[in-house]
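For the sequence shown, this note's numbering assigns the number 1278 to the initial residue and increments by one for each residue that follows. Everything below concerns the one structure shown next.
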Amino acid sequence: MKTRFLNNVKIVSTGHYVPSGVLSNEDLEKIVDTSDEWIYSRTGIKTRRIANGEKTSDMAYLAALDAINKAGYEASRIDLILVATCTGDYRAPSVACRVQALLGLSERDVACFDVNAACSGFVYASSVASQMLNGGRYSSALVIGAETLSLYTDYEDRGTCVLFGDGAGAMILESTNEYKPADFYLSAKGELDLSIVINDKIAMDGRKIYQFAVRVFEESIQKIMLDNGLGKEDIAVIIPHQANLRIIEKAAELLNIDIEKFYINIEKYGNTSAASIPIAFDEYMSAAPRQENKKVIFVGFGAGLTWGAAMLTL
Ligand code: COA
């Protein structure tokens, strides 16, 4: 049997950036046949932020800078930059390379690349960063989720345009000799008949995604808890991908975990894909006293289909 080695990583800092432009449900009522009542009751969303000329890499950089500044972190220590995104500025170069340049780290030895696992991207990127830190060559990883979904949103399709927004979140992880166990569960079910796709525009089968999401949220959280012998009392917070409030509530109910354990900010930002978990995590870290050595769980799902969960130690 294969032995499973737990990763060990330290969360050094978090940050986020959202553009200032606000698109409210009332604004959407003027564009498509919808209502604030319909949107809020079906999704929990009131407003989303929309980029105005900012590229994904600009938002990623500003989120990174926020994380760096909050901890007074020496940016030159960063030797790995990973950006979870499916809305990069270009097909190539990566957003990660742009962030390296914007941070003034281009002359340093830094591994930089993007991870595309759609809305599960930040869970995937956190796992990749952690494995690389535990591999021994890298010691400081800047992990970012950043998206400009507004560029791909069809503002004539009321079934999708009410859901999505823009933004970026960042987390700095370091290798450590302290006992800070981390574990990751990633999975996918590749589809030929795409139930959610971002091509020129976002298209999806909302009902199918909804049912899939509730199931994988429940299963992923259960798995990461079981694999690590965690009880509810060990968990400081669960940071779910913010796609729909009802999906989170239903999963919490099925898991019999108090909804208060879930950090939820979907009302303000809508679904920002790979950025939603790190934005929410930064808001949580900025607001709540750090419960040293308690666990944080990330859980995400997205196009692919992809899904997964991460366990980190505060
Ligand atoms: N305003 C008003 N009515 C709307 C609407 C809107 N913005 N969008 C859809 N409707 C209508 C539909 O046309 C349909 O009308 P009909 O019954 O006359 O045909 C009715 O509302 C119900 O549509 P349905 O799609 O069944 O609604 P729903 O309760 O499943 O909610 C979603 C739709 C999209 C909110 C929900 O399915 C969802 O959140 N799915 C997951 C999507 C997701 O998370 N995607 C991202 C993955 S990372």
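C-beta: ideal position from N, C-alpha, C; glycine also.
Given a threshold of 16 other Cβ atoms within 10 Å of its Cβ, counted over all protein chains shown, does PHE1461 qualify as buried or as exposed?
Mapped onto the sequence shown, residue 1461 falls at position 184. Classification of PHE1461: buried, given that the 10 Å Cβ count is 16 or more.
- Item | CB-CB length for SER1290 against ALA1395, believed under 8 Å | Here residue 1290 is taken as the residue at index 13 of the sequence shown, counted from 1. Here residue 1395 is taken as the residue at index 118 of the sequence shown, counted from 1. Their Cβ separation, rounded to whole angstroms, is 26 Å, which puts SER1290 and ALA1395 out of contact at 8 Å.
Requested in this report: Output yes or no for whether 8 Å exceeds the beta carbon distance between CYS1389 and SER1371.
Outcome: For the purposes of this step, residue 1389 is taken as the residue at position 112 of the sequence shown. For the purposes of this step, residue 1371 is taken as the residue at position 94 of the sequence shown. A contact, by the Cβ cut-off of 8 Å.
Could you give the first and the last residue of the continuous alpha helix (DSSP H) run that contains ALA1337? Numbered from 1 along the sequence shown, position 60 holds the residue referred to as residue 1337. Taken as a continuous stretch (DSSP letters only), the alpha helix (DSSP H) holding ALA1337 covers 1333-1348.
message: Less than 8 Å between the beta carbons of ILE1475 and THR1437, yes or no?
response: Within the sequence shown, residue 1475 is the residue found at index 198, counting from 1. Within the sequence shown, residue 1437 is the residue found at index 160, counting from 1. Not a contact, by the Cβ cut-off of 8 Å.
Open item on the list: Using a 10 Å radius around the Cβ and a threshold of 16 neighbouring Cβ atoms, would you call ARG1375 buried or exposed?
Closed with: As a working note, residue 1375 is residue 98 in the sequence shown. By the 10 Å Cβ count, ARG1375 comes out buried.
Compute the minimum distance between the beta carbon of CYS1363 and the heavy atoms of ligand 1, and state whether it is under 7 Å.
-> The residue you call residue 1363 lines up with position 86 of the sequence shown. The answer is no for CYS1363.
Chain B contact for PHE1494 (CB, 8 Å cutoff): Of the chains in the structure shown, none is chain B; there is only one protein chain.
* Would you say TYR1546 touches ligand 2, meaning its beta carbon is less than 7 Å from a heavy atom? -> Among the ligands present in this structure, namely ligand 1, ligand 2 is not found.
6 Å CB neighbourhood of SER1452 in its chain, flanking five on each side removed
Counting from 1 along the sequence shown, the entry for residue 1452 is found at position 175. Answer for SER1452: LEU1410 and SER1416, listed in chain order.
Requested in this report: On the DSSP bridge assignment, give the partners of LEU1531 in chain order.
Outcome: What you label residue 1531 is simply residue 254 of the sequence shown in a count that begins at 1. Per DSSP, none; premise fails for LEU1531.
- prompt: Which first and last residues belong to the beta strand (DSSP E) in which THR1291 is found?
  reply: One-based indexing of the sequence shown puts residue 1291 at position 14. THR1291 -> beta strand (DSSP E) spans 1284-1294.
* Taking 7 Å as the cut-off, does the CB of TYR1401 come closer than this to any heavy atom belonging to ligand 1? -> Along the sequence shown, one-based indexing puts residue 1401 at 124. No; taking the cut-off as 7 Å, the Cβ of TYR1401 has no heavy atom of ligand 1 nearer than that.
For LEU1380, is the classification buried or exposed, using 16 other Cβ atoms within 10 angstroms of its Cβ as the cut-off for buried? Taking the sequence shown and counting its residues from 1, one reaches residue 1380 at position 103. That one is buried.
Should GLY1585 go down as buried or exposed, given a rule of 16 or more other Cβ atoms within 10 Å for buried? In the sequence shown, residue 1585 corresponds to position 308, counting from 1. That one is buried.
Exercise. Start and end of the beta strand (DSSP E) containing SER1497?
Worked result: Position 220 of the sequence shown, counted from the start, is the residue given in the question as residue 1497. Where SER1497 is concerned, there is no enclosing beta strand (DSSP E), although the alpha helix (DSSP H) it sits in stretches over 1483-1504.
Legend entry - DSSP three-state assignment for ALA1369, whether helix, strand or coil: Translated into positions along the sequence shown, residue 1369 becomes position 92. Reduced to three states, the DSSP call for ALA1369 is coil.
Discussion item. Measuring straight from C-alpha to C-alpha, what distance separates ALA1587 and ILE1316?
Written reply: What you label residue 1587 is simply residue 310 of the sequence shown in a count that begins at 1. What you label residue 1316 is simply residue 39 of the sequence shown in a count that begins at 1. Roughly 30 Å separates the two Cα atoms.
If you measure between the beta carbons of GLN1519 and ILE1543, is that distance less than 8 Å? Here residue 1519 refers to the residue found at position 242 when the sequence shown is read from its first residue. Here residue 1543 refers to the residue found at position 266 when the sequence shown is read from its first residue. Against a cut-off of 8 Å, the Cβ pair of ILE1543 and GLN1519 comes out as a contact.
Exercise. In the DSSP assignment, what residue or residues form a beta bridge with GLY1444?
Worked result: Position 167 of the sequence shown holds residue 1444. In the DSSP output, where bridge partners are listed per residue, GLY1444 has GLU1424.
Practice item. Tell me whether the beta-carbon of PHE1489 lies closer than 8 Å to the beta-carbon of PRO1517. Key: Taking the sequence shown and counting its residues from 1, the one referred to as residue 1489 is at position 212. Taking the sequence shown and counting its residues from 1, the one referred to as residue 1517 is at position 240. Cβ distance not < 8 Å, so PHE1489 and PRO1517 don't count as in contact.
Next on the checklist: Here's a check: name, in chain order, each residue in its chain whose Cβ is nearer than 6 Å to the Cβ of MET1336, leaving out the five neighbours to either side.
Outcome noted: By one-based count along the sequence shown, residue 1336 stands at place 59. Within the same chain, MET1336 has close Cβ partners TYR1294, ALA1423 and ALA1445.
Look up ASP1313 in the DSSP assignment and say whether it is helix, strand or coil. Looking up residue 1313 in the sequence shown gives position 36. Helix, per DSSP.
For ASN1284, which residues of its own chain have a beta-carbon under 8 Å away from its beta-carbon, when the five flanking residues on both sides are left out?
Taking the first residue of the sequence shown as 1, we reach residue 1284 at position 7. Same-chain partners within the cutoff: SER1407, GLN1408, LEU1410, ASN1411, PRO1458, ALA1459, ASP1460 and PHE1461.
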